[in-house]
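Per the working numbering, the very first residue in the sequence shown carries number 49; after that it's consecutive.
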Amino acid sequence: MNNRPNPNPSRLEVVHRHQETIKIFESKSDSEIWIAFNTFDEMAFNYLFRTYTPQLFRYGCQFRVEDDQVQDAIQNLFIYLRAKRGSLSPVNSIKAYLFKSLQHELIKLIKKEKKKVIISPDELEGNFLIEISIENSIIDNEEKQEQLKSLKQSIKKLSPRQRQAILLLYEDGLSYKDIAEVMEFSEVKSARKLIYRALDALRVNMGIDKKRNE
49 MNNRPNPNPS RLEVVHRHQE TIKIFESKSD SEIWIAFNTF DEMAFNYLFR TYTPQLFRYG
109 CQFRVEDDQV QDAIQNLFIY LRAKRGSLSP VNSIKAYLFK SLQHELIKLI KKEKKKVIIS
169 PDELEGNFLI EISIENSIID NEEKQEQLKS LKQSIKKLSP RQRQAILLLY EDGLSYKDIA
229 EVMEFSEVKS ARKLIYRALD ALRVNMGIDK KRNE
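Take a look at the structure:
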């Protein structure tokens with residue numbers, strides 16, 4: 049009996065394989081998945097690529113760069129990681145590691161495009177946007193639509209770093225520790241303080257504190 053995998057699998061077979069891969073790895077910790085990837089486990093690589101590419105693309109597009117630049121940066125990142133398997137340092141939070149690495153890849157691309165010798169993370173983050181995932185079409189309450197509009201306008205008034213921290217916390221679900229890693233803070237309390245200040249600013253911008261005192 050020939051048990052070799054089909055070299056030309058159908059779309060259904062590919063989907064089934066991916067689902068099986070997810071089942072294998074979703075019960076593992078990030079550090080376990082990373083160890084598997086770093087020891088040349090192809091299923092681990094496929095899991096990382098398929099799981100995190102959409103998240104990386106959405107995050108990268110927040111930096112006001114072209115879609116194809118984000119795609120190139122993601123491709124370059126995974127090519128690098130694949131080439132460095134066997135020598136990569138341990139990772140406890142894969143998402144935080146990949147987000148931080150993607151930022152560095154975007155800096156490389158922008159630096160090359162602008163022919164600049166130096167471009168700092170702050171310069172990249174200065175263009176940071178934030179998209180709220182709630183669709184207006186599913187909000188049928190007029191008051192809620194006004195609240196969403198007010199929230200979007202208030203977010204635009206935040207500093208780029210505050211916007212980035214808010215997105216990482218609420219949209220991407222990162223912990224304060226992971227946010228500190230992505231934003232390259234030396235201490236977790238710096239990330240926590242930034243987010244607290246951002247939330248305070250949002251409350252002021254939206255007039256929430258004023259309404260409470262009335």
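From the three backbone atoms N, C-alpha and C, an ideal C-beta is built for every residue, glycine too.
Quick one: give me the first and last residue of the alpha helix (DSSP H) that residue i is part of.
| i | result |
| --- | --- |
| Tyr244 | Val236 to Asn253 |
| Gln212 | Pro208 to Ile214 |
| Glu90 | Glu90 to Gly108 |
| Leu129 | Asp115 to Ala131 |
| Asp226 | Tyr224 to Val230 |
| Glu80 | Asp78 to Asn86 |
For residue i and residue j, I'd like the C-alpha separation in whole angstroms.
| i | j | result |
| --- | --- | --- |
| Ile83 | Pro138 | 7 angstroms |
| Asp226 | Phe93 | 21 angstroms |
| Ser79 | Lys205 | 38 angstroms |
| Leu242 | Tyr145 | 20 angstroms |
| Ile70 | Leu96 | 10 angstroms |
| Glu229 | Lys148 | 7 angstroms |
| Thr101 | Lys76 | 19 angstroms |
| Gln110 | Ile158 | 14 angstroms |
| Leu136 | Gln123 | 18 angstroms |
| Leu150 | Val252 | 33 angstroms |
| Asp89 | Ser238 | 36 angstroms |
| Gln67 | Arg98 | 11 angstroms |
| Phe16 | Leu215 | In the structure as shown, the chain begins at 49 and stops at 262. Residue 16 is therefore absent and cannot be evaluated. |
| Asp220 | Val113 | 19 angstroms |
| Leu222 | Arg106 | 15 angstroms |
| Leu217 | Glu161 | 31 angstroms |
| Tyr224 | His152 | 20 angstroms |
| Ala121 | Leu104 | 10 angstroms |
| Glu235 | Phe73 | 30 angstroms |
| Leu250 | Met91 | 43 angstroms |
| Ser141 | Lys192 | 35 angstroms |
Roughly how far, in whole angstroms, is the beta-carbon of residue i from the beta-carbon of residue j, given that I think they are within contact range, below 8 angstroms?
| i | j | result |
| --- | --- | --- |
| Asn86 | Arg133 | 6 angstroms |
| Arg245 | Gln212 | Going by Cβ atoms, the distance from Arg245 to Gln212 rounds to 13 angstroms, so no, they are not a contact pair. |
| Ser202 | Met254 | 5 angstroms |
Let me check you understand the geometry: is the CB of residue i closer than 8 angstroms to at least one non-hydrogen atom of the ligand FMN?
| i | result |
| --- | --- |
| Thr101 | This structure does not include the ligand FMN; it has no bound ligands of any sort. |
Any beta-carbon of chain B closer than 9 angstroms to the one on residue i?
| i | result |
| --- | --- |
| Ser75 | Of the protein chains in the structure, only one exists, and it is not chain B. |
Counting Cβ pairs, one atom from each stretch, are 3 or more of them under 8 angstroms apart for the region 113-124 and the region 192-199?
no
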